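A short write-up of the structure that comes next.
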Amino acid sequence: MSNRGNFGSKLGIVLATAGSAVGLGNVWRFPYMTGQNGGAAFLMIYIVCIFLLGVPGMLSEFIIGRHGQANAASAYDKLSGGRPWKLVGYLGIVTGTIILGFYAVVAGWCLEYLFASLSARTLGDAQYVSEYFGNFVSNWWRPMVWGVAFLLLTHVVVVRGVRQGIEKASKWLMPILLVLLVVLVVASCMLPGAMEGVSFLLKPDFSKIDSHVMLEALGQAFFSLSLGTACLCTYASYFSKETNLLHSAVQIAFLDTFVAILSGLMIFPAAASVGISPDSGPSLIFITLPNVFQQAFGSQPVVGYVISVMFYALLVFAALTSTISMHEIGTAFFTEELHLPRRKSAWIITATTAVICVLCAWSVGAFSGLQVLGMSLMDCCDGLTANVLLPLGGMLACLFVGWYVPQKVVRDEFTNQETVNRRFFQIFIFAARYICPLGILFVFLHQLGVL
Ligand code: TRP
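Just so you know, the sequence shown maps onto residues 115 to 565 in our numbering.
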């Protein structure tokens, strides 16, 4: 166990898991996905996906990880005696590495905005703000440098084992982020014409729902919960025997959804107020937020300045707790499976993800010819992982726990040796066997036009 890095307290690891879940997926990806998929109707399907499919998926990964007490691949291996299930672990490691690659691009954008907000460079009218973003992203080296810098930051934390410090800090910083989000929600909703944005997020128009919207909601739910890459499995391998898996999964799912909704309530009213279209795509928060800081705090520029700097700093921090979790999937794997020193394993992941990150950053900026299947490489990595590989990984985790692992083992993990949650076990098994796999299959087939 000693080279597996260690998390201080029981609370520490559950916080770390929450930190993994809450990140750019909530503040950046959720608003832009919701904006592109019609608003409130998307939000409703998203919530159904989180609780009906996501929570059983999380529990399955928790069970595999805590029982296996090892990296993702060997956790599957141990529980299945070397059958091909190990491939699910590999799949998770590959998916996680791709996600880390493009995630770092956006995390790099946040770093840029942190520094730009320090020198108040992002402030201006709506047009200036959107041009600022465009110029920045299309620069050939700035997004690349920030993205790689973010990966190096993650690398240092993962290698130095200063994670305990990060977890302790997150105990304070996460609540501050929440408070700040609430402040910004209020500020954004008070802007003129903001209510249109609120109703976009809260008043469903069911005619907007089609099979693609369902797939995007499913992908977003899994992305946001960090589900489907064995990331949760890896973290659960550090859980203590007393951790209540059901409580942790439900708590994290609520927290994660709450942060996503707050982010939506911060972005859409402001976007409506300054006339930014909700379906602007990945740039949405970056072209909307500076307007909030500027307009809502127009009469007190100092307050606006302080809030903007704090907000980007906290966003960077939230992204960091997520990138650490993605990095750890591969690092733990190389360290334990190939018996490489932890430092070396971490370098393999950092180098691989840096290459993906640079290519993705270029594909949405300076070198837009970097396309796959008619999409930018970045969109392709994002769509392929979130909409295909994550649901697939989550589904396989459920099938594995529901059908393959002996029920006694699953029950012992779920109930902590018959001490907690005994009443819920049958419901969980039913969800893992049927609801989650069939739900995901339904969405897949629907998208393919089969159903
Ligand atoms: N859930 C994180 C977020 O919302 C991103 C993330 C961290 C993730 N680890 C993951 C996504 C593993 C998929 C798989 O920002």
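Here a beta-carbon is modelled for each residue, glycine too, at the ideal position from N, C-alpha and C. Nothing here was measured: the structure is a model prediction, and the numbers come from that model.
Next item on the list: To the nearest angstrom, report how far apart A410 and S391 are at their CA atoms.
Entry: Residue 410 sits at position 296 when you count from the first residue of the sequence shown. Residue 391 sits at position 277 when you count from the first residue of the sequence shown. Cα-Cα distance, rounded: 19 Å.
Notebook entry, point to check: Contact between the segment 176 to 187 and the segment 347 to 366: three or more CB pairs below 8 Å?
Noted result: yes
Notebook entry, point to check: Closest to G261 by CA distance: which of I470, F542, L562, T533 is it?
Noted result: The sequence position of residue 261 within the sequence shown is 147, counting from 1. Of the listed residues, the one whose Cα sits closest to G261 is I470.
Next item on the list: For N530, verify whether its CB is less than 7 Å away from any heavy atom of the ligand TRP.
Entry: Residue numbering aside, residue 530 sits at position 416 when the sequence shown is read from its first letter. Checking the Cβ of N530 against the ligand TRP gives no.
Check: Taking just the CA atoms, how far does T529 sit from R537?
Finding: The residue you call residue 537 lines up with position 423 of the sequence shown. The residue you call residue 529 lines up with position 415 of the sequence shown. When rounded, the distance between both Cα atoms is 9 Å.
Margin query: Less than 6 Å between C-beta atoms, sequence neighbours within five positions excluded: which residues of the same chain meet that for L237?
Written below: The sequence position of residue 237 within the sequence shown is 123, counting from 1. Closer than 6 Å at the Cβ level, and outside the excluded window around L237, lie Q408.
Checklist line | Near the ligand TRP: F216 beta-carbon under 7 Å from a heavy atom | finding: To locate residue 216, count along the sequence shown from 1; it is residue 102. Every heavy atom of the ligand TRP is 7 Å or more from the Cβ of F216, so no.
Next item on the list: Check whether the Cβ atoms of F431 and G139 sit closer than 8 Å, and answer yes or no.
Entry: Working through the sequence shown from its first residue, we reach residue 431 at position 317. Working through the sequence shown from its first residue, we reach residue 139 at position 25. No.
Notebook entry, point to check: When every heavy atom of the ligand TRP is checked, does at least one fall within less than 7 Å of the C-beta of G137?
Noted result: Mapped onto the sequence shown, residue 137 falls at position 23. Yes.
Margin query: Given the structure, does S284 come close to the ligand TRP, in the sense that its CB is under 7 Å from one of the ligand's heavy atoms?
Written below: As a position in the sequence shown, residue 284 is number 170, starting the count at 1. Answer for S284: no, Cβ out of range of the ligand TRP.
Check: What first and last residue would you give for the alpha helix (DSSP H) that runs through Q531?
Finding: By one-based count along the sequence shown, residue 531 stands at place 417. Here Q531 belongs to no alpha helix (DSSP H), and DSSP marks it neither H nor E.
Notebook entry, point to check: From this set, T131, F514, I159, which residue's C-alpha is nearest H326's C-alpha?
Noted result: One-based indexing of the sequence shown puts residue 326 at position 212. Comparing Cα positions, the closest option is I159.
Note to self: Just checking: is the beta-carbon of K200 within a distance shorter than 8 Å of some beta-carbon in chain B?
What the structure shows: Here there is only one protein chain, and chain B is not present.
Item checked: Supposed close pair A331, F165 - CB separation, criterion 8 Å -> Residue 331 sits at position 217 when you count from the first residue of the sequence shown. Residue 165 sits at position 51 when you count from the first residue of the sequence shown. Rounded, the Cβ-Cβ distance is 12 Å, inconsistent with contact.
Item checked: Helix, strand or coil at S116 according to DSSP, with G and I counted as helix -> Taking the sequence shown and counting its residues from 1, one reaches residue 116 at position 2. Only weak support is given to the placement of S116: the predicted model assigns it a pLDDT of 40, under 50, and the value that follows is read from those uncertain coordinates. Helix at S116.
Next item on the list: From the DSSP output, in three-state form, read off Q485 for me.
Entry: As a working mapping, residue 485 is identified with position 371 in the sequence shown. Correct three-state label for Q485: strand.
Next item on the list: Below 8 Å on the Cβ atoms is my guess for V417 versus L295; work out the distance and round it to an integer in Å.
Entry: Counting from 1 along the sequence shown, the entry for residue 417 is found at position 303. Counting from 1 along the sequence shown, the entry for residue 295 is found at position 181. At roughly 16 Å, the Cβ-Cβ gap does not stay under 8 Å, so V417 and L295 are not in contact.
Margin query: Using C-beta distances below 7 Å, list every residue in its chain close to G307, excluding the 5 sequence neighbours before and after it, in chain order.
Written below: Translated into the one-based positions of the sequence shown, residue 307 becomes position 193. The residues are A386, S387.
Next item on the list: State the CB to CB distance for the pair A384 and S302, rounded to an integer number of angstroms; the pair is presumed to be in contact (CB under 8 Å).
Entry: Mapped onto the sequence shown, residue 384 falls at position 270. Mapped onto the sequence shown, residue 302 falls at position 188. Confirmed, about 4 Å.
Next item on the list: Check whether the Cβ of G333 lies closer than 7 Å to any heavy atom of the ligand TRP, and answer yes or no.
Entry: Position 219 of the sequence shown holds residue 333. It does not: the Cβ of G333 is nowhere closer than 7 Å to a heavy atom of the ligand TRP.
Next item on the list: Between the Cα of I290 and those of L359, L428, C345, L452, spot the shortest distance and give me the residue it belongs to.
Entry: For the purposes of this step, residue 290 is taken as the residue at position 176 of the sequence shown. It is L428.
Margin query: Between the alpha carbons of N117 and N253, how many angstroms are there, rounded?
Written below: If you number the sequence shown from 1, residue 117 lands on position 3. If you number the sequence shown from 1, residue 253 lands on position 139. Caution applies to N117, whose pLDDT of 43 falls short of 50 and renders its modelled position unreliable; the value that the coordinates give is listed next. Rounded to the nearest angstrom, the two C-alpha atoms are 41 Å apart.
Check: If you follow the alpha helix (DSSP H) that G553 is part of, which residue opens it and which one closes it?
Finding: Residue 553 sits at position 439 when you count from the first residue of the sequence shown. Residue range 550 to 562 is occupied by the alpha helix (DSSP H) that includes G553.
Check: Is the beta carbon of M172 within less than 7 Å of some heavy atom of the ligand TRP?
Finding: Stepping through the sequence shown from its first residue, residue 172 is reached at position 58. Checking the Cβ of M172 against the ligand TRP gives no.
Notebook entry, point to check: What whole-angstrom Cβ distance do D496 and F216 have, given they're in contact under 8 Å?
Noted result: As a working note, residue 496 is residue 382 in the sequence shown. As a working note, residue 216 is residue 102 in the sequence shown. Going by Cβ atoms, the distance from D496 to F216 rounds to 6 Å, so yes, they are a contact pair.
Check: Any idea which residues DSSP pairs S490 with across the strands?
Finding: Along the sequence shown, one-based indexing puts residue 490 at 376. DSSP lists Q485 as partners of S490.
Check: Does the beta-carbon distance from G149 to D324 come in below 8 Å?
Finding: For the purposes of this step, residue 149 is identified with residue 35 of the sequence shown, where counting begins at 1. For the purposes of this step, residue 324 is identified with residue 210 of the sequence shown, where counting begins at 1. No, the Cβ-Cβ distance between G149 and D324 is not below 8 Å.
Check: In whole angstroms, what separates the C-alpha of L205 from that of L173?
Finding: One-based indexing of the sequence shown puts residue 205 at position 91. One-based indexing of the sequence shown puts residue 173 at position 59. Each residue's Cα considered, the two are about 19 Å apart.
Next item on the list: Determine, using beta-carbon pairs with one atom in the segment 398 to 408 and one in the segment 238 to 245, whether at least three such pairs fall under 8 Å.
Entry: With a cut-off of 8 Å on Cβ pairs, the segment 398 to 408 is in contact with the segment 238 to 245, counting three or more such pairs.
Item checked: the segment 211 to 228 / the segment 515 to 531 touching (three or more Cβ pairs under 8 Å) -> no
Next item on the list: Below 8 Å on the Cβ atoms is my guess for I280 versus T435; work out the distance and round it to an integer in Å.
Entry: Within the sequence shown, residue 280 is the residue found at index 166, counting from 1. Within the sequence shown, residue 435 is the residue found at index 321, counting from 1. Going by Cβ atoms, the distance from I280 to T435 rounds to 7 Å, so yes, they are a contact pair.
Next item on the list: Starting from V259, follow the alpha helix (DSSP H) in both directions and report where the run begins and ends.
Entry: By 1-based counting over the sequence shown, the position of residue 259 is 145. Per DSSP, V259 belongs to the alpha helix (DSSP H) from 256 to 274.
Item checked: Rounded C-alpha distance that separates W142 from E532 -> Counting from one through the sequence shown, the residue named residue 142 turns up at place 28. Counting from one through the sequence shown, the residue named residue 532 turns up at place 418. Approximately 40 Å between the Cα atoms of the pair.
Notebook entry, point to check: With Y209 and G342 assumed to form a contact (beta carbons below 8 Å), what rounded beta-carbon distance in angstroms separates them?
Noted result: Position 95 of the sequence shown, counting from 1, holds the residue named residue 209. Position 228 of the sequence shown, counting from 1, holds the residue named residue 342. Position check: residue 209 holds Thr in this sequence, whereas Tyr was assumed. 7 Å between Cβ atoms; contact.
Next item on the list: Check whether the Cβ of T343 lies closer than 7 Å to any heavy atom of the ligand TRP, and answer yes or no.
Entry: Against the sequence shown, residue 343 aligns to sequence position 229. Because some heavy atom of the ligand TRP lies under 7 Å away, the Cβ of T343 counts as near it: yes.
Checklist line | L359 versus Q414 - alpha carbon distance | finding: Along the sequence shown, one-based indexing puts residue 359 at 245. Along the sequence shown, one-based indexing puts residue 414 at 300. If I take the Cα positions, the gap works out to 46 Å.
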